[in-house]
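These notes are about the structure you will find just below.
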Amino acid sequence: MFYTSTRDKSLRVTSSEAITKGISDEGGLFVPCEIPALGLSDIAAMIPMSYRERAKKILSLYLTDFTPEEIDYCVDGAYAEGKFDSEKVAPLVNLKGEANILELFRGPTCAFKDMALQLLPYLLTTASKRAAPDKETVILVATSGDTGKAALEGFKDVPHTRILVFYPVEGVSAMQKRQMQTQEGANVGVCAIKGNFDDAQTGVKKIFTDKAVAAKLAENGMMFSSANSINWGRLVPQVVYYCSAYCDMVEQGRIALGDQINVVVPTGNFGNILAAYYAKQMGIPIKTLICASNSNNVLTDFLTTGTYDRNRKFYTTTSPSMDILISSNLERLLFHLSVNDDAEIREYMDSLSRTGKYTVSDDIFEAIRADFKAGFATEEEDAAAIKASFDLGYLPDTHTAVAIEVYNKLADGTPTVIAATASPYKFPKAVLTAILGEAPQIDEFDMSDELSKVTGTKIPAPLAGLRDRQVRFDSVSEISEMEQRVYDMLGI
Ligand SMILES: *Cc1c(COP(=O)(O)O)cnc(C)c1O
118 MFYTSTRDKS LRVTSSEAIT KGISDEGGLF VPCEIPALGL SDIAAMIPMS
168 YRERAKKILS LYLTDFTPEE IDYCVDGAYA EGKFDSEKVA PLVNLKGEAN
218 ILELFRGPTC AFKDMALQLL PYLLTTASKR AAPDKETVIL VATSGDTGKA
268 ALEGFKDVPH TRILVFYPVE GVSAMQKRQM QTQEGANVGV CAIKGNFDDA
318 QTGVKKIFTD KAVAAKLAEN GMMFSSANSI NWGRLVPQVV YYCSAYCDMV
368 EQGRIALGDQ INVVVPTGNF GNILAAYYAK QMGIPIKTLI CASNSNNVLT
418 DFLTTGTYDR NRKFYTTTSP SMDILISSNL ERLLFHLSVN DDAEIREYMD
468 SLSRTGKYTV SDDIFEAIRA DFKAGFATEE EDAAAIKASF DLGYLPDTHT
518 AVAIEVYNKL ADGTPTVIAA TASPYKFPKA VLTAILGEAP QIDEFDMSDE
568 LSKVTGTKIP APLAGLRDRQ VRFDSVSEIS EMEQRVYDML GI
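Using my numbering, the first residue of the sequence shown is number 118, and each one after it goes up by one.
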């Protein structure tokens with residue numbers, strides 16, 4: 118199988134090249150030239166399998182230049198026993214009636230990013246051995262909170278790699294900030310910037326595609342790659358858990374093999390829901406992909422009108438990992454829905470960077486309406502959804518609650534999988550405030566203890582004790598200084 122670029126469909130690269138490079142030279146994203154098919158018999162065969170076995174099956178369909186031994190090595194390392202605090206890795210919990218929660222936050226940083234970022238370092242080092250031997254890979258990350266920590270944790274002390282993370286100084290929770298500031302490892306760097314997530318992402322993308330910067334790295338035996346969800350190696354592990362969740366739905370007797378399900382995904386950069394789209398295109402019986410947004414509802418508007426318009430107020434919400442106005446991975450969906458029309462995609466993306474908006478063709482809009490529904494939750498609705506869900510017996514985090522609220526608005530009786538993307542203990546202040554109805558006057562770290570007391574739930578081990586860990590990184594930079602910070606951190 119080969120991969121091409123959303124902005125140059127004449128390109129043909131292997132999965133190793135796509136993962137090593139992260140983004141295509143002309144700024145496009147790598148996509149599979151065709152999407153592999155899973156028949157019902159393939160799905161049936163996966164039902165008795167463990168998560169690791171299911172992952173190996175799906176990855177082998179996409180990473181055809183990896184040997185079976187390499188895939189075994191990558192998957193067994195990423196999802197090794199003890200790394201996730203559930204034997205099932207991504208367990209499926211029945212919420213009530215038709216709704217089921219897919220818990221994607223049982224990894225070492227308590228957010229769903231671990232599902233991909235525990236695997237990506239294995240994929241990347243295996244791929245770059247083939248595609249770019251003898252080079253040190255420099256991972257640059259822009260984060261709205263969870264990616265940064267998960268990437269740091271995945272790449273820490275991985276030989277031949279360096280990892281540098283930029284985060285918006287006011288745009289992450291106290292818990293998220295502390296998780297990054299206390300990161301261990303000899304090859305890691307963390308820097309806060311004065312700006313929002315889109316500033317961080319735009320800055321990283323600029324550094325990433327700047328030829329002079331690339332040349333300077335090359336002189337030092339280094340090359341960039343990306344751990345953001347623009348990297349194909351981030352997306353493909355996420356396709357796995359939607360296939361796995363479908364198998365679990367059948368195994369738990371919630372549906373019969375072949376029955377359709379809906380999937381609700383709390384969305385920011387459009388990566389997680391795009392993975393669900395790939396699962397659907399492969400043949401997993403998914404009826405509707407429901408895109409859930411917070412007050413930054415640019416995707417709700419786009420999916421319901423066909424016009425993407427980022428010219429709007431940016432809200433800092435209690436679900437910061439979804440505070441995004443430019444959803445990078447949408448470009449991949451548009452490429453597929455335009456039936457690989459790279460010229461059309463270039464036009465949209467050009468219009469987006471010039472005017473901040475674009476309107477898709479009638480054909481694309483119709484295709485979107487066939488597969489997607491979209492809704493959003495306000496801050497008040499999000500808090501109410503946390504409380505209501507807790508009263509029903511399940512304590513969600515602020516992002517998951519966005520999905521639960523949108524599910525409540527758009528449910529159509531179809532058995533549904535709701536992606537739960539973070540532990541409530543990553544956002545103890547907002548969750549506790551929602552439960553109590555008012556913000557308690559204590560610091561965010563005491564709130565974890567209080568949340569545990571009030572709800573009778575346990576603080577996940579990776580978050581307990583965070584307060585007392587040594588802060589290693591506390592510098593704050595201007596956006597204009599990002600390039601220099603990269604050189605500083607690399608010592609070049
Ligand atoms: C990253 C993140 C999201 C958004 O995922 P996308 O792939 O960017 O759409 C939602 N919830 C949490 C907790 C996250 O960390």
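The C-beta atom is built at its ideal place from N, Cα and C for all residues, glycine as well.
How is the beta strand (DSSP E) around Met-339 delimited, first residue to last?
339-343
Option in Arg-429, Tyr-475 and Asp-480 with minimal Cα separation from Ser-455:
Asp-480
Secondary structure at Ala-332, three-state DSSP: helix, strand or coil?
helix
Would you call Tyr-196 buried or exposed, if buried means 16 or more other Cβ atoms sit within 10 Å of its Cβ?
buried
At the level of alpha carbons, what is the spacing between Ala-373 and Thr-260?
39 Å
Give me, in chain order, the residues of the same chain whose beta-carbon lies closer than 6 Å to that of Cys-360; leave out the 5 immediate sequence neighbours on both sides.
Ile-175, Ala-396 and Ile-401
Delimiting residues of the beta strand (DSSP E) encompassing Pro-149
147-149
May I ask you to report which of helix, strand or coil DSSP gives Phe-419?
helix
Cut-off 7 Å between Cβ atoms - residues of its own chain near Thr-476, not counting five sequence neighbours on either side:
Gly-423 and Thr-424
Could you check whether the region 150-157 touches the region 182-190, counting it as contact only if at least three pairs of C-beta atoms, one from each stretch, sit closer than 8 Å?
no
Cross-strand partners of Arg-602 (DSSP beta bridge)
Answer by DSSP bridge pairing: none, since Arg-602 is not bridged.
Please indicate yes or no: does the CB of Thr-538 lie closer than 6 Å to some heavy atom of ligand 1?
yes
Determine the direct distance from the alpha carbon of Ala-547 to that of Gln-558, and round the result to whole angstroms.
13 Å
Considering only C-alpha positions, which residue in the set Asp-251, Leu-241, Val-289 and Gly-288 is nearest to Ser-342?
Leu-241
Taking C-alpha atoms, which residue in Tyr-358, Ala-249 and Ile-407 lies nearest to Met-339?
Ala-249
Start-to-end residues for the beta strand (DSSP E) that takes in Phe-222:
Where Phe-222 is concerned, there is no enclosing beta strand (DSSP E), given that its DSSP letter is neither H nor E.
If you draw a straight line from the C-alpha of Asp-202 to the C-alpha of Leu-146, how long is it?
33 Å
Any 3 or more C-beta pairs closer than 8 Å across the region 261-281 and the region 230-238:
yes
If you reduce the DSSP assignment to three classes, tell me which class Ser-540 lands in.
coil
Are there three or more Cβ pairs, one per stretch, closer than 8 Å when the region 438-448 is compared with the region 374-388?
yes
Would you mind working out which of Glu-555, Val-130 and Asp-142 sits nearest Cys-150, comparing C-alpha positions?
Val-130
DSSP three-state call for Glu-112: helix, strand or coil?
Within the shown structure, residues of the chain are numbered from 118 to 609, placing residue 112 beyond reach of any answer.
Whole angstroms are fine: how far does the CA of Leu-420 sit from the CA of Asn-413?
14 Å
Quick test of your reading: Asp-499 and Thr-435, contact by CB under 8 Å. State the CB separation rounded to the nearest angstrom.
6 Å
Report buried or exposed for Val-593, applying the criterion of at least 16 other Cβ atoms within 10 angstroms of its Cβ.
exposed
Where Asp-251 and Ile-324 are concerned, what is the direct C-alpha to C-alpha distance, given to the nearest angstrom?
22 Å
Using the DSSP secondary-structure output, state which residues sit across from Ser-122 in a beta bridge.
Asp-125 and Phe-147
Whose CA, out of Ala-216, Ser-167, Lys-213 and Leu-212, lies closest to the CA of Glu-198?
Ser-167
Return helix, strand or coil for Gly-194, following the three-state DSSP convention.
helix
Contacts around Phe-222, its chain only, beta-carbon distance under 6 Å, and the 5 residues preceding and following it disregarded
Ala-228, Phe-229, Ala-539 and Ser-540
Proximity of Leu-219 and Ala-536 at Cβ, strictly below 7 Å
yes
Can you give the Cα-Cα distance for Leu-469 and Asp-563, rounded to whole angstroms?
43 Å
Out of Ser-133, Ile-152, Ser-132 and Leu-128, which has the shortest C-alpha to C-alpha gap to Asp-652?
In the structure as shown, the chain begins at 118 and stops at 609. Residue 652 is therefore absent and cannot be evaluated.
Indicate whether at least one CB of chain C lies closer than 7 Å to the CB of Pro-545.
No chain C is part of this structure, which consists of one protein chain only.
What's the gap between the Cα of Asp-263 and the Cα of Thr-226?
8 Å
CB of Leu-289 within 7 Å of CB of Pro-437, strictly
Looking at the sequence provided, one finds Val at residue 289 rather than Leu. For Val-289 and Pro-437, yes; Cβs fall inside 7 Å.
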